[in-house]
Every structure is written in structure tokens, then in C-alpha cells.
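**Student:** All residue numbers for the sequence shown refer to our numbering, where the first residue is 3 and numbers rise by one.
Backbone N, C-alpha and C fix where the C-beta goes; we use that ideal spot for every residue, glycine too.
The structure presented is a predicted model; accordingly, all values stated were derived computationally and were not measured.
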Amino acid sequence: MILLVDYTDLDNLKTTQINSAKFLHDGGWDASKRYFMVAANASNKVAAVDTKDGKLAALISTASDDPKFAKYKANNWKVVQELKMPGAGNL
């Protein structure tokens, strides 16, 4: 579950509850600062929340481990691939 709090009016806080995957952690904003993305490692999902509309934009399935590099202990905690993409906000 995700709780989204609107702090625009501190005397009348608005809280929105959004159902999502369990065990959310390590989130951040996209480059537009509209979407907040957060990982749910126990279920291999990433939740993308539209903070403007106050809704879950997507629940994206992810692979648990990189199929090419995960089986090699020499690659643990090393960068094995970099993707050239537009800036991703603070992620």
C-alpha cells in the first residue's frame, strides 16, 4: 500500500491510499517530477505512481536477476551494463 499526502494545505492534509505490491523500498522521482517509482523486491515489481492524479500508473514486472551475469560471482556488485537514456530525475 502507498500513502500519498498532499501538503498544499497544512491545516487540511489530504491523504490518498493506493493499493500496490508489498514490500516497497528505494523509490525516486522521474525526470518530470510527476511520477514516483518504487521497487518491490519481494515480488519483482516496480510501482509507478502518478502523483498528479493520485493513482497507480503502472505495476511493472521485472526479472529477479540478470540472466546473463547473475550466475557469475565475479560480477556481484559490479556495473555490467549501462544504458544511454534521457535523465531519470533522481533515480
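If we call anything under 8 Å between Cβ atoms a contact, is N21 one with M39?
**Tutor:** Against a cut-off of 8 Å, the Cβ pair of M39 and N21 comes out as no contact.
**Student:** Under 8 Å, do A42 and A49 count as touching if we go by C-beta distance?
**Tutor:** yes
**Student:** Got a sec, what are the start and stop residues for the beta strand (DSSP E) K24 sits in?
**Tutor:** Where K24 is concerned, there is no enclosing beta strand (DSSP E), given that its DSSP letter is neither H nor E.
**Student:** Could you work out which residue in D32, K54, L6 and A72 is closest to M87 when comparing CA atoms only?
**Tutor:** D32
**Student:** Comparing C-alpha positions only, which one of K47, K73 and L5 sits nearest to E17?
**Tutor:** Before going further, note that residue 17 is Thr rather than Glu in the sequence given. T17 has its Cα closest to that of L5, out of K47, K73 and L5.
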